[in-house]
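Per this note's numbering, the sequence shown starts with residue -10, numbered consecutively.
Note that CB positions come from ideal geometry on N, CA and C, so glycine has one too.
Below is one structure, written out as structure tokens, with a few remarks after it.
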Amino acid sequence: MEEKMEAFEARALESLQTVETLEALDAWRVMYLGKKGELANVLRGLSQVDATQRPRMGQLANDVRDRLEHAFGERRSLMEDAEREKREAAEAIDVTLDARTRAIGAPHPLQFVIQKIEDIFVGFGFTVEEGPEVELDYYNFEALNLPKDHPARDMQDTFYLSPDVLLRTHTSPVQARTLLRVENNQPFRIIVPGRVYRRDDDDATHSHAFTQVEGLVVGAGIRMSDLKGMLLSFAREMFGADQDVRLRPSYFPFTEPSAELDVRCIYCGGSGCGTCKHTGWIEILGCGMVHPRVLEMGGYDPQVCTGFAFGMGVERVAMLMYQVEDVRHFYVNDLRLLRQFSGLAR
Ligand code: PHE
């Protein structure tokens, strides 16, 4: 009886190892541990056993049953785990998205040039101002000594929203706005980057919308030599330490005297080439001493304060620096052009 039970246990355990599915496991249980199974059979055989041996045999049989049930339980949870893992693997959905690649942008060449100009003038103690693109006729013309019938208005025809409201033709109205804002003849230095508009037929060198940087310095004893010295320093920082500038007489109603500033041609170094039309010089801005009338209209006393102003064409400078031959390239956002500027360091 004892050996029989041992053999039975060994067989049952061995068979359990080969069970691979939950159904087969159920069948195994019925076969070995069920009411009509082998163990029940063995227990029934106990009645044949000698009465003195019976309790021990009964105990033995119970132990075998406990061990087999324990083994069964372990096998089942093992298989259930495996089955669940299999099911989960089959049902698994990858809910993660590929990371979005982000194209790294770059400053637009015009923006880059503005930034560079700003950096230089901020280094000279200027602050950066802005003004509205939709401007009053008063600030754009009137307050700059260009009354309604002034012939110089013809060169700056623009888009009118009403007889008194227009798209500004230059950044100079911010001169008038700042003079009016600052009081008591206080000195200041500002630069004003911004977009301006004119009635113009677009071609390689003209655009109905373009960009300027205005500069204005006001204070006691400001002289034309200050204007020239500062613009020379600017040109050297912007285009190179060996730069040179020259002033040519010009006319603006809001400055007196007025001038255009040329820099030495950065292509030929001054010997003459196609870009500078064989003059060796290239014009980059208009400038002059602030007209006393403009100071007056701005609430400044021209006996106490003088000043100088300049207005730079940003496209002009950018075309020069990067050899861009058509101003329209700056506005159409052609990636083939913009990508060429992605390496510009800030
Ligand atoms: N506003 C002038 C222009 O658009 C440039 C300028 C600015 C000239 C300041 C003198 C002083 O052409």
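Among the options, the one whose alpha carbon lies nearest that of residue i
i: F113; options: I179, H195, S151; result: I179
i: L124; options: R0, V154, L133; result: Note that residue 124 is Glu in the sequence shown, not Leu. Ranking the options by Cα distance to E124, first place goes to V154.
i: A198; options: E122, L32, C276; result: E122
i: D231; options: R237, P238, L221; result: L221
i: L35; options: S66, G47, E27; result: G47
i: M144; options: L135, L150, R89; result: L135
i: S161; options: F297, R73, L32; result: F297
i: Y256; options: I271, L156, V102; result: I271
i: G287; options: E74, R170, A(-1); result: R170
i: R212; options: S247, E304, A29, A307; result: S247
i: V303; options: H267, P238, E107, K137; result: E107
i: R317; options: A193, L236, A224; result: A193
i: R0; options: A29, V38, L57; result: L57
i: R54; options: E77, A29, E72, Q37; result: A29
i: S151; options: Q100, D126, Q164; result: D126
i: V111; options: F177, E72, E74; result: F177
i: R142; options: D323, A79, Y240, R45; result: Y240
Continuous beta strand (DSSP E) stretch holding residue i: start and end
i: A298; result: 295 to 302
i: E272; result: 270 to 279
i: Q201; result: 198 to 208
i: L337; result: Lying outside -10 to 335, the shown extent of the chain, residue 337 is not represented and no answer is given.
i: S151; result: 149 to 151
i: F330; result: F330 -> no beta strand (DSSP E), and no H or E assigned at all.
i: L19; result: Per the sequence shown, the amino acid found at residue 19 is Val instead of Leu. Taken as a continuous stretch (DSSP letters only), V19 belongs to no beta strand (DSSP E), being part of the alpha helix (DSSP H) at 11 to 22.
i: F177; result: 177 to 186
i: E124; result: 123 to 125
i: F241; result: 234 to 241
Beta-carbon contacts of residue i that lie in its chain and below 7 Å, excluding the five residues immediately before and after
i: Y311; result: P98
i: V293; result: N174, A209
i: G259; result: R253, G269
i: N129; result: L155, R157, T158, P162
i: P291; result: P281, L284, E285
i: R166; result: G120, Y128
i: W17; result: S4, L5, V8
i: R237; result: A248, E249, D251
Residue range of the unbroken alpha helix (DSSP H) whose run includes residue i
i: E245; result: Here E245 belongs to no alpha helix (DSSP H); instead the beta strand (DSSP E) covers 244 to 253.
i: F115; result: F115 -> no alpha helix (DSSP H), and no H or E assigned at all.
i: Q164; result: 162 to 170
i: L174; result: Residue identity differs from the one stated: residue 174 is Asn in this sequence, not Leu. Segment: none, N174 is in no alpha helix (DSSP H) and carries neither H nor E.
i: P44; result: 43 to 80
i: G261; result: It is not in any alpha helix (DSSP H) - G261 carries neither H nor E in the DSSP assignment.
i: T7; result: -9 to 7
i: N30; result: 27 to 34
i: K217; result: 213 to 228
Inter-residue CB distance, residue i and residue j (contact presumed, cutoff 8 Å)
i: V206; j: M301; result: With 8 Å as the limit, V206 and M301 do not qualify as a contact, their Cβ atoms being about 14 Å apart.
i: H139; j: P242; result: 6 Å
i: E226; j: I109; result: 5 Å
i: A95; j: L327; result: 7 Å
i: E21; j: E12; result: In the sequence on display, residue 21 carries Tyr and not Glu. At roughly 15 Å, the Cβ-Cβ gap does not stay under 8 Å, so Y21 and E12 are not in contact.
i: R184; j: D146; result: That pair is no contact at about 17 Å.
i: G275; j: E245; result: Contact flag wrong, Cβ pair sits at about 13 Å.
i: L31; j: F(-3); result: In the sequence under discussion, the amino acid at residue 31 is Val, which differs from the Leu named in the question. Confirmed, about 6 Å.
i: G204; j: F319; result: No, G204 and F319 are not in contact; Cβ-Cβ is about 22 Å, not under 8 Å.
i: R65; j: L2; result: So it is not a contact: roughly 14 Å between Cβ atoms.
i: L168; j: Y289; result: 6 Å
i: T295; j: V321; result: T295 to V321, Cβ: 43 Å. No contact.
Own chain partners of residue i with C-beta closer than 6 Å, once the 5 adjacent residues on each side are dropped
i: T116; result: I179
i: D233; result: R253
i: S331; result: A95
i: D189; result: H195, H197
i: V313; result: none
i: A40; result: none
i: Y149; result: L155
i: P182; result: I103, V202
i: M219; result: none
Same chain, Cβ closer than 8 Å to residue i, neighbours up to 5 away in sequence not counted
i: L49; result: E(-9), M(-6)
i: V306; result: V102, I106, M227, I273
i: A10; result: Note that residue 10 corresponds to Thr in the displayed sequence, not to Ala. Excluding positions up to five away in sequence, the list reads M68.
i: K217; result: V234, L236
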